[in-house]
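S.K.: Questions regarding the structure given below will be posed in turn.
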């Protein structure tokens, strides 16, 4: 490893431009950003995050959606491996700073000397104070990490021209256990018109969710670092979850030329810390049966009726989005759900089951007598994809009857239809008109301000009611 003379502390370079230089003001900004991202209640920590690195006014809310998942983990995560692109210096491979500490207005962070020593034998790793000196892609993440984790050590790596395999080798060297968090810094498309950027960034995020390590820097400025993480995540069977996807036109910029931002969390199964090409095989889990059992148990416990304890499973720990639909004697009795994955799947399905049973304002709260005639259905939502269409005719042509769920939003109004609604509204025109009526809009309404998403679901239903208690 090529080394440069060691610096005592790498000072903050973009405080006062990308984020406040005053500590009190920075703390206020951190509190406001994290408050706006509240709702994450992970019981299992994410192993890795992907988050953006623009000025806080532009990408801060999107980054906060990732860091909200670290709030309960202070004291558990001891080391952060932070990777981001080299914006200002041409670089081959990955570069450490040659510094002992990084400074921000919130204090200094120790560089993990032991971790740095473990990287010294890798030919793709060098030390370059110059590559780090003015680089913002790592620095803007540090106040978020300080605000959420408290004390930790840092392994800061600027990534230049490096293959996915080279980055993955670095990550494997420092992977560790729950005490080590990986953070990769990247923005998405740059300076496209708003609608074009939405389409491009959705395609990029879909590749990330597929763990496809072949991103190009035109898709994401941090593509080299992201590709290394995606390759490692694929080999280690991590589960990626999209937390937020927006651009500067949604936050603080005009929509003529925007920059895209996304936040993702990647989770590893509790019971497995080995690569997926190991020979160990596990019995497949019936996800539907487990989710239905948790929904049923949540309702039964409120009513204080006997019920079997729902089994636990690793897939319940990462965030998930569900809808729970209840029927009595075949008729709808309640339906409540989540459009975004903001809490562990276990908590989401139980919360929505209770809400469907006792808080759906269209129906009286469920009673013990209703319980004996109750059947439960659980829908597990895939991440939503924005639809960019010129008019309603184009929307009708795009929809896939029986497959697509649809969400419409107009100003403060938002509503969704699950794919199951195609059973009663069979044509795209009926489906869209019905969703507009649900929102309180005229069936002929159309506006350029109308925002549209579609999604798919996996659905499971109980075969019938439990009968007499």
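Residue numbers (the numbering used here): 37 to 505.
Glycine included, each C-beta is placed from N, C-alpha and C at the ideal position.
Taking just the CA atoms, how far does residue 408 sit from residue 288?
M.R.: The residue given as residue 288 occupies position 252 in the chain shown. The residue given as residue 408 occupies position 372 in the chain shown. Taking the straight line from one Cα to the other gives about 53 Å.
S.K.: Secondary structure at residue 309, three-state DSSP: helix, strand or coil?
M.R.: Residue 309 sits at position 273 when you count from the first residue of the chain shown. The predicted position of residue 309 is uncertain, since its pLDDT is 33 and thus under 50; a value taken from the coordinates is nonetheless stated next. It is coil, neither helix nor strand.
S.K.: Please classify residue 135 as buried or exposed, where buried requires at least 16 neighbouring CB atoms within 10 angstroms.
M.R.: Numbered from its first residue, the chain shown carries residue 135 at position 99. Under this definition residue 135 is a buried residue.
S.K.: Using a threshold of 7 Å, state whether the C-beta atoms of residue 132 and residue 152 are closer than that.
M.R.: Residue 132 sits at position 96 when you count from the first residue of the chain shown. Residue 152 sits at position 116 when you count from the first residue of the chain shown. Yes. Within cutoff.
S.K.: Taking residue 362 as the reference, give the member of 433, 400, 347 and 61 with the closest Cα.
M.R.: The residue given as residue 362 occupies position 326 in the chain shown. Considering only alpha carbons, the answer is 400.
S.K.: What are the start and end residues of each continuous beta strand (DSSP E) run of 3 or more residues lying completely inside the region 153-223, in chain order?
M.R.: Entirely contained in the region 153-223, the beta strand (DSSP E) runs reaching 3 residues are, in chain order, 161-163, 189-195 and 216-221.
S.K.: At the 7 Å Cβ level, is residue 151 part of the contact set with chain D, yes or no?
M.R.: No chain D appears in this structure, which consists of one protein chain only.
S.K.: With H, G and I counted as helix, E and B as strand and the rest as coil, what does DSSP make of residue 366?
M.R.: The count along the chain shown starts at 1 and reaches residue 366 at position 330. Correct three-state label for residue 366: coil.
S.K.: Pull up the distance between the alpha-carbon of residue 102 and that of residue 434, whole angstroms please.
M.R.: Residue mapping note: residue 102 aligns to position 66 of the chain shown, counting from 1. Residue mapping note: residue 434 aligns to position 398 of the chain shown, counting from 1. Straight-line Cα distance between these residues: approximately 31 Å.
S.K.: Would you list the residues sitting across from residue 138 in a DSSP beta bridge?
M.R.: Counting from 1 along the chain shown, the entry for residue 138 is found at position 102. Looking at the DSSP assignment, residue 138 forms a beta bridge with 46 and 145.
S.K.: Residues in its own chain within less than 7 Å of residue 248 by CB, not counting five upstream and five downstream?
M.R.: Counting from one through the chain shown, the residue named residue 248 turns up at place 212. Closer than 7 Å at Cβ, skipping near neighbours: 266.
S.K.: Can you list, in chain order, the residues of its chain whose CB lies under 6 Å from that of residue 91, leaving out five sequence neighbours each side?
M.R.: On the chain shown, residue 91 is found 55 positions in, with the first residue counted as 1. Within the same chain, residue 91 has close Cβ partners 54.
S.K.: Mapping the DSSP letters down to three states, classify residue 419 as helix, strand or coil.
M.R.: Within the chain shown, the letter at position 383 stands for residue 419. Residue state, collapsed to three classes: coil.
S.K.: Enumerate, from N- to C-terminal direction, the unbroken beta strand (DSSP E) stretches of 3 or more residues contained entirely within the region 49-131.
M.R.: DSSP runs (the beta strand (DSSP E)) wholly in the region 49-131: 84-87 and 115-121.
S.K.: Can residue 490 and residue 423 be called in contact, C-beta distance under 7 Å?
M.R.: As a working note, residue 490 is residue 454 in the chain shown. As a working note, residue 423 is residue 387 in the chain shown. It is a contact, given that the beta carbons lie within the stated cut-off.
S.K.: Are the Cβ atoms of residue 393 and residue 373 separated by less than 7 Å?
M.R.: By 1-based counting over the chain shown, the position of residue 393 is 357. By 1-based counting over the chain shown, the position of residue 373 is 337. Taking 7 Å as the Cβ cut-off, residue 393 and residue 373 do not qualify as a contacting pair.
S.K.: Could you tell me whether the region 431-445 touches the region 409-423, where touching means 3 or more Cβ pairs closer than 8 Å?
M.R.: Flag = yes, the region 431-445 and the region 409-423 touch.
S.K.: Using a Cβ-Cβ cutoff of less than 6 Å, which residues in the same chain neighbour residue 38 once the five nearest sequence positions on both sides are dropped?
M.R.: Sequence index remark: in the chain shown, residue 38 carries index 2 (1-based). In this prediction, residue 38 scores a pLDDT of 48, lower than 50, which makes its location untrustworthy; no coordinate-derived value is stated.
S.K.: Hey, quick one: how far does the alpha helix (DSSP H) through residue 453 stretch, first residue to last?
M.R.: Position 417 of the chain shown, counting from 1, holds the residue named residue 453. Careful: residue 453 lies outside any alpha helix (DSSP H), inside the beta strand (DSSP E) at 449-453.
S.K.: Could you tell me whether the Cβ atoms of residue 295 and residue 219 are closer together than 7 Å?
M.R.: Taking the chain shown and counting its residues from 1, the one referred to as residue 295 is at position 259. Taking the chain shown and counting its residues from 1, the one referred to as residue 219 is at position 183. Taking 7 Å as the Cβ cut-off, residue 295 and residue 219 do not qualify as a contacting pair.
S.K.: Would you check if the distance between the CB atom of residue 256 and the CB atom of residue 275 is smaller than 7 Å?
M.R.: Taking the first residue of the chain shown as position 1, residue 256 is located at position 220. Taking the first residue of the chain shown as position 1, residue 275 is located at position 239. No, the pair does not count as a contact, with Cβ atoms beyond the cut-off.
S.K.: Give me the residue from 190, 130, 268 and 301 with the minimum Cα distance to residue 99.
M.R.: Indexing the chain shown from 1 puts residue 99 at position 63. Selected option, being the one with the closest Cα: 301.
S.K.: Would you mind sorting residue 258 into buried or exposed? The rule is 16 or more other CB atoms within 10 Å of its CB.
M.R.: For the purposes of this step, residue 258 is taken as the residue at position 222 of the chain shown. Under this definition residue 258 is a buried residue.
S.K.: Would you say the region 104-111 touches the region 138-150, given that touching needs at least three Cβ pairs under 8 Å?
M.R.: The region 104-111 is not in contact with the region 138-150.
S.K.: What's the gap between the Cα of residue 464 and the Cα of residue 437?
M.R.: Locating residue 464 in the chain shown gives position 428, counting from the first residue. Locating residue 437 in the chain shown gives position 401, counting from the first residue. If I take the Cα positions, the gap works out to 7 Å.
S.K.: Assign residue 354 to one of three DSSP states: helix, strand, or coil.
M.R.: Position 318 of the chain shown holds residue 354. Coil, per DSSP.
S.K.: Rounding to the nearest angstrom, what Cα-Cα distance links residue 449 and residue 191 in this structure?
M.R.: Numbered from its first residue, the chain shown carries residue 449 at position 413. Numbered from its first residue, the chain shown carries residue 191 at position 155. One C-alpha to the other measures close to 44 Å.
S.K.: Report buried or exposed for residue 379, applying the criterion of at least 16 other Cβ atoms within 10 angstroms of its Cβ.
M.R.: Locating residue 379 in the chain shown gives position 343, counting from the first residue. Flag for residue 379 reads buried.
S.K.: Using DSSP's beta-bridge definition, name the partner residues of residue 414.
M.R.: To locate residue 414, count along the chain shown from 1; it is residue 378. Paired residues: 360 and 496.
S.K.: May I ask you to list the residues that DSSP assigns as paired with residue 298?
M.R.: For the purposes of this step, residue 298 is identified with residue 262 of the chain shown, where counting begins at 1. According to DSSP, which records beta bridges pairwise, residue 298 is partnered with 281.
S.K.: Pull up the distance between the alpha-carbon of residue 81 and that of residue 187, whole angstroms please.
M.R.: One-based indexing of the chain shown puts residue 81 at position 45. One-based indexing of the chain shown puts residue 187 at position 151. If I take the Cα positions, the gap works out to 17 Å.
S.K.: Answer yes or no: do residue 87 and residue 353 have a C-beta to C-beta separation smaller than 7 Å?
M.R.: As a working note, residue 87 is residue 51 in the chain shown. As a working note, residue 353 is residue 317 in the chain shown. In this structure, residue 353 does not lie closer than 7 Å to residue 87 by Cβ.
S.K.: Less than 7 Å separating the beta-carbons of residue 330 and residue 305?
M.R.: By 1-based counting over the chain shown, the position of residue 330 is 294. By 1-based counting over the chain shown, the position of residue 305 is 269. For residue 330 and residue 305, no; Cβs fall outside 7 Å.
S.K.: Rounded to whole angstroms, what's the CA-CA distance from residue 307 to residue 350? Just pull it up for me.
M.R.: Locating residue 307 in the chain shown gives position 271, counting from the first residue. Locating residue 350 in the chain shown gives position 314, counting from the first residue. Here the model assigns residue 307 a pLDDT of 38, short of 50, so the residue's position is not dependable and the matter cannot be decided.
S.K.: With distance defined between alpha-carbon atoms, name the residue in 114, 358 and 50 nearest to residue 452.
M.R.: Working through the chain shown from its first residue, we reach residue 452 at position 416. Measuring from the Cα of residue 452, the nearest candidate turns out to be 358.
S.K.: Can you tell which of 493, 285 and 443 has its C-alpha closest to the C-alpha of residue 469?
M.R.: As a position in the chain shown, residue 469 is number 433, starting the count at 1. The option with the nearest alpha carbon to residue 469 is 443.
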